[in-house]
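Colleague: Numbering (our numbering), first residue to last: 413 to 632. Note that the Cβ used here is the ideal one computed from N, Cα and C, for glycine as well.
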Amino acid sequence: MEQLNIARGNKKRQENKGLRKVDILKHARNLIASKGFDAFTLSELATVAGVSIPTIHNLFGKKHDIFKVLVEEMVIRIEKVILQPDMTNPIEAAIAFIDNLLELFKKDEAFYRAAFVAGERSNLFEHKQPTGIFSQSLKIAEQLCISAKEKGFLNGLVDSKWLAKQLFGCQRLARQDWVNGYIDLQQYKNQVLIGMFITFSADATDEYKVELLNKIDSLT
């Protein structure tokens, strides 16, 4: 019986620890969203979360470690979104991709902006990691190009890897403009789609190129 009570006590302590971590991360997310990456401090986090700074250190570590946890959570959410579109028509796939991504960002726009800044400045985005968000995005874009070629949308005269890199570049440049406040989410969407459709046009069949150009005209 004593061992059972000890086990129950340990389980309860772990549950409370988990709940406390979730609560602290929630407050950290709100502070980063409202004040930005640079102004975020552990002392203010401790105050709003109702805990001590040593408690934060014990549960997470330093300021960088909290950023790391939040950015990792963000990357997981984004990876789930970019893995959803499964279409061979480049136009439909591009629209589905950007709509799903922006639907995620709209839920907490200020936080996602700040999190991207934190991730870039703290080197938390592993560009060369084969399982990371960047590699995943390139793989999805390349597979889309290969499928589009097989279905007769693209000629296959341009290497799919190069097309994929350009498609990824369109999204990344637009995201940086949005993160820095130069454009809003609607402009983000248009910029991504125009860039992607121009990229597809470089290798599109004559018939499909007309459709892509019409889409570009409608966006501009």
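Residues in its own chain within less than 6 angstroms of F580 by CB, not counting five upstream and five downstream?
Modeller: Taken in chain order, the residues that qualify are S549, L550, A553.
Colleague: For A451, name the three-state secondary structure that DSSP assigns.
Modeller: Of the three classes helix, strand and coil, the one that applies to A451 here is coil, per DSSP.
Colleague: Could you tell me if T611 is buried or exposed, where buried requires 16 or more neighbouring beta carbons within 10 angstroms of its beta carbon?
Modeller: Per the 10 Å Cβ criterion, buried.
Colleague: What residue does the alpha helix (DSSP H) around N592 start on, and which one ends it?
Modeller: Per DSSP, N592 belongs to no alpha helix (DSSP H) and is neither H nor E.
Colleague: Three or more C-beta pairs closer than 8 angstroms, one from the segment 465-485 and one from the segment 553-571: is that the case here?
Modeller: Because the criterion of three Cβ pairs below 8 angstroms is not met, the segment 465-485 and the segment 553-571 do not touch.
Colleague: Within a Cβ cutoff of 6 angstroms, which residues of the same chain sit near N602, ignoring the five residues on either side of it in sequence?
Modeller: L631.
Colleague: With contact counted as at least three CB pairs below 8 angstroms, one residue from each stretch, are the segment 580-593 and the segment 524-535 in contact?
Modeller: Yes: the two stretches touch, three or more of their Cβ pairs being nearer than 8 angstroms.
Colleague: Name the two residues that bound the continuous alpha helix (DSSP H) containing K471.
Modeller: It should be pointed out that residue 471 corresponds to Leu in this sequence rather than to Lys. Start and end: 465-471.
Colleague: Would F546 and T617 be called neighbours here (beta carbons separated by less than 8 angstroms)?
Modeller: In this structure, T617 does not lie closer than 8 angstroms to F546 by Cβ.
Colleague: Following the continuous alpha helix (DSSP H) through V529, name the residue where it begins and the one where it ends.
Modeller: Run containing V529: 521-533, per the alpha helix (DSSP H) assignment.
Colleague: Looking only at C-alpha atoms, which of H439, A445, A451, R587 sits nearest to G462?
Modeller: Nearest C-alpha to G462: H439.
Colleague: Of all the options T459, F517, D511, which has the alpha carbon lying nearest to the alpha carbon of R489?
Modeller: Ranking the options by Cα distance to R489, first place goes to F517.
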